[in-house]
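Peer 1:
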């Protein structure tokens with residue numbers, strides 16, 4: 003049994019989801035396919051050119067406080083990023099490389115930690131290189147692979163696949179033909195996968 | 003200890019919330035103040051003139067399926083309303099009367115049941131009269147009270163109060179100075195109220 007976990011590095015609620023999905027899935031005996039994608043094309047579909055949390059300040063104020071409460075309850079460090087949303091094309095491409103090579107979860111968790119616990123600019127190649135080095139990877143080799151055409155195409159195809167599955171926000175889980183949206187639907191998604 | 007439960011009769015996720023809030027709150031030893039309000043002014047603040055679930059069809063498709071799953075898990079009957087969203091000014095005014103007189107929860111649950119389980123037009127005075135009669139109330143007397151100026155003013159003041167508290171969607175709970183949004187935050191809101 004396996005689920006697809008769709009996430010975008012700028013997405014705030016994807017942070018706690020990324021930090022707990024593997025633990026929850028392991029407890030349920032379900033495999034997780036980490037599926038990095040980009041939310042921009044989905045927002046464009048909704049005629050948004052910025053995060054809805056910036057477009058609607060009243061929702062944004064609520065979200066930051068809600069996220070703070072969720073992180074506190076989960077025991078996750080949290081520092082509100084000084085820039086939101088951050089550019090995520092580069093880390094999404096590196097995560098695509100990582101998914102092909104089998105080290106996507108640890109890389110992705112490190113990127114979320116950098117963005118939401120350490121206020122680091124995850125759009126900056128130097129920050130990504132630093133994260134890669136910390137994971138024992140060769141930054142120059144990985145960054146070169148991430149910018150090559152096959153990876154660009156693969157990430158684009160992932161965005162198209164997500165849209166085809168009805169994904170419109172992050173995090174999302176697709177499990178046995180069903181779509182679940184939000185950090186607060188991980189448990190239901192896993193229960194669905196288990197029942198299917 | 004008490005919380006404020008803010009709800010709008012057209013709001014889909016307010017349906018399961020309204021059906022379970024009293025049970026959850028009783029188990030936690032917390033009182034619930036039922037606070038009917040209107041979502042229209044909040045949506046207008048976000049430049050929306052229709053439900054976001056209609057404005058963004060991809061979100062709407064997800065929401066209806068998600069709601070169906072939630073109702074199934076809760077053992078709640080569900081039939082997708084043939085009209086969405088329905089006019090809710092009249093039931094919101096009647097609920098305001100009911101809140102003053104101490105029968106708001108049962109009236110509100112009956113309105114949600116009519117809208118989301120029986121596909122009845124809750125904007126129709128005849129449907130509201132029918133619900134009132136079923137609760138042993140005098141429909142003509144209640145409808146007259148609901149359309150009188152003091153109740154109109156009271157409902158308008160409730161909308162202003164909600165906006166002042168940062169409410170932007172329904173259902174919402176305000177508890178000990180904190181705002182919680184969504185059927186999936188009821189448990190956290192009650193835990194917060196209990197801790198405060």
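Protein chains in written order, with this note's numbering: chain U, 3 to 198; chain E, 3 to 198.
All C-beta atoms, glycine included, are put in the ideal place defined by N, C-alpha and C.
#1: Going by beta carbon distance, what residues of the same chain come within less than 7 angstroms of residue 13 of chain E, once the five residues before and after it are set aside?
#2: How long is the line joining the alpha carbons of residue 50 of chain U and residue 57 of chain E, rounded to whole angstroms?
#3: Listing by chain order, which chain U residues have their CB less than 8 angstroms from the CB of residue 64 of chain E?
#4: In this structure, how does DSSP classify residue 37 of chain E when only helix, strand and coil are distinguished?
#5: Which residues mark the beginning and the end of the beta strand (DSSP E) in which residue 180 of chain E is found?
#6: In whole angstroms, what separates the C-alpha of residue 181 of chain U from that of residue 169 of chain U?
#7: Listed from N- to C-terminal order along the chain, which residues in the region 140-155 of chain U have their beta-carbon within a distance smaller than 8 angstroms of any beta-carbon of chain E?
#8: In its own chain, which residues sit with a C-beta less than 8 angstroms from the C-beta of residue 187 of chain U, not counting the 5 before and 5 after it?
#9: What does the Cβ neighbour count give for residue 151 of chain E, buried or exposed, with the cut at 16 atoms within 10 Å?
#10: For residue 7 of chain U, which residues from the same chain have a beta carbon less than 7 angstroms from its beta carbon, with the 5 sequence-adjacent residues on both sides left out?
#11: Using a 10 Å radius around the Cβ and a threshold of 16 neighbouring Cβ atoms, would you call residue 136 of chain E buried or exposed?
#12: Provide the residue(s) that pair with residue 74 of chain E in DSSP beta bridges, ordered along the chain.
#13: Counting only the same chain and skipping the five closest in sequence on each side, list residues whose C-beta sits under 8 angstroms from that of residue 117 of chain E.
#14: Using a Cβ-Cβ distance under 8 angstroms, would residue 161 of chain U count as near chain E?
#15: Kindly list, in the order they appear in chain U, the residues whose Cβ is closer than 9 angstroms to that of residue 61 of chain E.
#16: List the residues of chain E whose Cβ lies closer than 7 angstroms to the Cβ of residue 186 of chain U, in chain order.
#17: Is the CB-CB distance between residue 148 of chain U and residue 141 of chain U below 8 angstroms?
#18: Return the residue from the list E:59, E:177, E:43, E:45 that minimises the CA-CA distance to residue 47 of chain U.
#19: Kindly say whether residue 39 of chain U, judged by its beta-carbon, lies nearer than 8 angstroms to any beta-carbon of chain E.
#20: Which residues bound the beta strand (DSSP E) around residue 6 of chain E?
#21: Verify whether the separation of the beta carbon atoms of residue 93 of chain U and residue 113 of chain U is less than 8 angstroms.
#22: Using only the alpha-carbon positions, how far apart do residue 54 of chain E and residue 166 of chain E sit?
#23: Which residues of chain U have a Cβ atom closer than 9 angstroms to the Cβ of residue 58 of chain E, listed in chain order?
#24: Does residue 98 of chain E come out as helix, strand or coil in the three-state DSSP assignment?
#25: Suppose you measure from the CA of residue 133 of chain E to the CA of residue 109 of chain E; what does that come to, to the nearest Å?
#26: 8 angstroms is my cut-off, CB to CB: does residue 150 of chain E come that close to chain C?
#27: What separation, rounded to the nearest whole angstrom, lies between the Cα atoms of residue 195 of chain E and residue 120 of chain E?
#28: Helix, strand or coil: how does DSSP classify residue 198 of chain U here?
#29: Rounded C-beta distance between residue 139 of chain E and residue 129 of chain E? I'm assuming under 8 angstroms.
#30: Using the Cα positions of residue 223 of chain U and residue 100 of chain U, report the straight-line distance between them to the nearest angstrom.
#31: Here's the rule I'm using: 16 or more other beta-carbon atoms within 10 Å means buried, otherwise exposed. How should residue 68 of chain U be labelled?
#32: What did DSSP end up calling residue 177 of chain U once you bin it into helix, strand or coil?
#33: Start and end of the alpha helix (DSSP H) containing residue 157 of chain E?
#34: With distances taken Cα to Cα, identify the nearest neighbour of residue 21 of chain E among E:198, E:95, E:111.
Peer 2: Put simply:
#1: 41, 172, 173
#2: 12 angstroms
#3: 168, 170, 181, 183
#4: strand
#5: 180-183
#6: 7 angstroms
#7: none
#8: 175
#9: exposed
#10: 23, 34, 35, 36, 37, 173, 175
#11: exposed
#12: Beta-bridge pairing links residue 74 of chain E to no other residue.
#13: 11, 12, 17, 83, 88, 124
#14: no
#15: 48, 170, 171, 183
#16: 186
#17: no
#18: E:59
#19: no
#20: 4-9
#21: yes
#22: 22 angstroms
#23: 47, 48, 49, 170
#24: helix
#25: 8 angstroms
#26: No chain C is present in this structure, whose protein chains are U and E.
#27: 34 angstroms
#28: coil
#29: So it is not a contact: roughly 14 angstroms between Cβ atoms.
#30: Any answer about residue 223 of chain U is impossible in this case: the structure gives chain U only from 3 up to 198.
#31: buried
#32: strand
#33: 151-166
#34: E:111
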